[in-house]
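In what follows, a single structure is set out as structure tokens and then discussed.
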Amino acid sequence: FSSVTVICRRRCHLINSALNAEQGPLTPSQLSYAVSTIQAGHIAVIDDFLPKSFTSKLREDASNLYSQNLFEADGLASYTTTKTFDPNVSRQVLKSASWHSIPLGDSGTRRSFGTKMHSLRTQISSPLLRPTLKTGTLNYQTDWPDIKKKHEISYTRYSVNASLGRHTDEHCEMLKKREGWVRPTRRSVSWLVYLNDDWSVSNGGELRCYERKYNVSGKVGATEEGDLQVGWLAGDKERAVFLDARGNGYGNMVRLFVEEGGRREYVTGEFPADPTLYLAGGVGVRVFFNSDVLGRAYQPLEPPKTPSDQFLKSPTLGYETVKDVLPLEGRLVMFDSVALPHEVLECYGRERWSCSGWFHEDQQEG
Ligand SMILES: O=C(O)CCC(=O)C(=O)O
Ligand SMILES: [Fe+2]
């Protein structure tokens, strides 16, 4: 009986989510492509998401606000090839709070774009099985500034010769003590809409994504309970490794696990959430695995961060494939904010404009 119930529940869930499918900017086939691609930890690319008449207005608004000195360097500024911030060769951002500010620039155009992205967030929530993506419905007449609580949107400008080093957009604080649960939401789906007319291969500026080469089974990014992914058990059947930081006093001690057939299987014992273990991009935790074989198969998501780490051979070599995506006008890309490392290659001959954003889901309860 119980297995029949399980199957029925699954079917009902599938039928319900199909029936409840929200209207939104993606066609049914674009939606199913985007969902399966994001769930596999890859990048979904949807061309002509915005018509030229719309991107040109956004581009004009962005460059107008840039010339008013409203853009600033953000936390990723030092992720460049030289690791230093140079205002002449830089990536600068109009942050979400300014982006949503009604008195600034062409906020009418931003509002109608924001509405479209808001309905995309609602549309993708159920099929992606991330129910809290769509909570917090907002009334745009009165609540426009509040949107940033569930949805960041910003403009980004790369000057000629700017680039952005490899990173992920959301990560589990390795020291997930009390602070790890303070914020109510976290980044779940990263998206970009590019605003560059007549961009060509010779202009560079590709978004380079490091997708896993082999098939991934099960969830990526986070579990249903909201434990975030920190790495992979590499092999021809890839398994995401998640961090359980809830035991023993809010992350003083943590454990890593994989999911097998919906059940969690711990691959390490408890170990202290000590930041020095993560200096070499996280390979230090290998010693805590239940066996040498598991430890050797472990590959952290995060790249090595300190200059001395750069000398270490990348532990992910051979298990990733590179996908380069040009920042073409009107193109939308979406990917999991936790699972997919990416970078932006150097731009040549011209500046590069985009609208970038992150759909948030609720943070795990502590
Ligand atoms: O501009 C892009 O294509 C990617 C930017 C990015 O990775 C980020 O802002 O986090
Ligand atoms: Fe990013």
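In terms of this note's numbering, the sequence shown has 64 at position 56, counting the first letter as 1, and numbering is strictly consecutive.
All C-beta atoms in this analysis are idealised placements derived from N, C-alpha and C, irrespective of residue type, glycine included.
Do you know how far the Cα of residue j is from the Cα of residue i?
{"i": "L334", "j": "T176", "result": "19 Å"}
{"i": "R247", "j": "S134", "result": "24 Å"}
{"i": "W189", "j": "Q372", "result": "7 Å"}
{"i": "S127", "j": "E369", "result": "15 Å"}
{"i": "L340", "j": "S299", "result": "43 Å"}
{"i": "L172", "j": "G226", "result": "30 Å"}
{"i": "L336", "j": "V238", "result": "31 Å"}
{"i": "G234", "j": "R304", "result": "26 Å"}
{"i": "S64", "j": "T276", "result": "52 Å"}
{"i": "I349", "j": "Y222", "result": "Note that residue 349 corresponds to Pro in the displayed sequence, not to Ile. Distance between the alpha carbons of P349 and Y222: 16 Å."}
{"i": "R294", "j": "H179", "result": "19 Å"}
{"i": "F121", "j": "S104", "result": "14 Å"}
{"i": "D332", "j": "Y41", "result": "18 Å"}
{"i": "R174", "j": "L236", "result": "19 Å"}
{"i": "R271", "j": "D252", "result": "14 Å"}
{"i": "I110", "j": "L102", "result": "14 Å"}
{"i": "G213", "j": "P33", "result": "27 Å"}
{"i": "F297", "j": "M125", "result": "42 Å"}
Indicate, with yes or no, if ligand 2 has a heavy atom lying under 7 Å from the CB of residue i.
{"i": "S198", "result": "yes"}
{"i": "D177", "result": "yes"}
{"i": "H108", "result": "no"}
Are the beta-carbon atoms belonging to residue i and residue j less than 8 Å from one another?
{"i": "P59", "j": "G338", "result": "yes"}
{"i": "F57", "j": "V197", "result": "no"}
{"i": "V330", "j": "Y166", "result": "no"}
{"i": "R220", "j": "Y306", "result": "no"}
{"i": "W207", "j": "M342", "result": "no"}
{"i": "R99", "j": "T164", "result": "yes"}
{"i": "R195", "j": "S345", "result": "yes"}
{"i": "C363", "j": "I161", "result": "yes"}
{"i": "R263", "j": "E278", "result": "yes"}
{"i": "A281", "j": "L309", "result": "no"}
{"i": "L136", "j": "V43", "result": "yes"}
{"i": "T193", "j": "K158", "result": "yes"}
{"i": "R216", "j": "L353", "result": "yes"}
{"i": "V291", "j": "G49", "result": "no"}
Take the Cβ of residue i as the centre, count every other Cβ of all protein chains shown within 10 Å, and call the residue buried at 16 or more, exposed below.
{"i": "V301", "result": "exposed"}
{"i": "G116", "result": "exposed"}
{"i": "V228", "result": "buried"}
{"i": "G374", "result": "exposed"}
{"i": "E351", "result": "buried"}
{"i": "Q76", "result": "exposed"}
{"i": "Q31", "result": "exposed"}
{"i": "A52", "result": "buried"}
{"i": "T35", "result": "exposed"}
{"i": "V209", "result": "exposed"}
{"i": "I54", "result": "buried"}
{"i": "E80", "result": "exposed"}
{"i": "G269", "result": "exposed"}
{"i": "D82", "result": "exposed"}
Please work out which residues of its chain come closer than 6 Å, Cβ to Cβ, to residue i, disregarding the five sequence neighbours upstream and downstream, and give them in chain order.
{"i": "R67", "result": "L203, W361"}
{"i": "R254", "result": "none"}
{"i": "D114", "result": "D69"}
{"i": "F62", "result": "none"}
{"i": "Y74", "result": "R165"}
Going by beta carbon distance, what residues of the same chain come within less than 8 Å of residue i, once the five residues before and after it are set aside?
{"i": "V168", "result": "V97, C355, Y356, G357, R358, E359"}
{"i": "G243", "result": "Y222, A305"}
{"i": "R191", "result": "Q371"}
{"i": "D205", "result": "K60, T63, S64, R67, E337"}
May I ask you to check if the CB of residue i is nearer than 7 Å to at least one heavy atom of ligand 1?
{"i": "L412", "result": "Since the first residue of the chain shown is 9 and the last is 374, residue 412 is not available in this structure."}
{"i": "H350", "result": "yes"}
{"i": "S225", "result": "no"}
{"i": "S364", "result": "yes"}
{"i": "T164", "result": "yes"}
{"i": "L172", "result": "yes"}
{"i": "P335", "result": "yes"}
Here's a check: name, in chain order, each residue in its chain whose Cβ is nearer than 7 Å to the Cβ of residue i, leaving out the five neighbours to either side.
{"i": "S106", "result": "L78, L112"}
{"i": "T231", "result": "F250, E267"}
{"i": "N211", "result": "C355, Y356, G357, R358"}
{"i": "T324", "result": "Q307"}
{"i": "K142", "result": "R129, T130, S133"}
{"i": "N72", "result": "G113"}
Below 7 Å, is the gap between the Cβ of residue i and the nearest heavy atom of ligand 4?
{"i": "P139", "result": "In terms of ligand content, the structure shown lacks ligand 4 and carries ligand 1 and ligand 2 instead."}
Checking contacts by CB at 8 Å: is residue i closer than that to chain E?
{"i": "V293", "result": "Chain labels in this structure do not include chain E; a single protein chain is all it has."}
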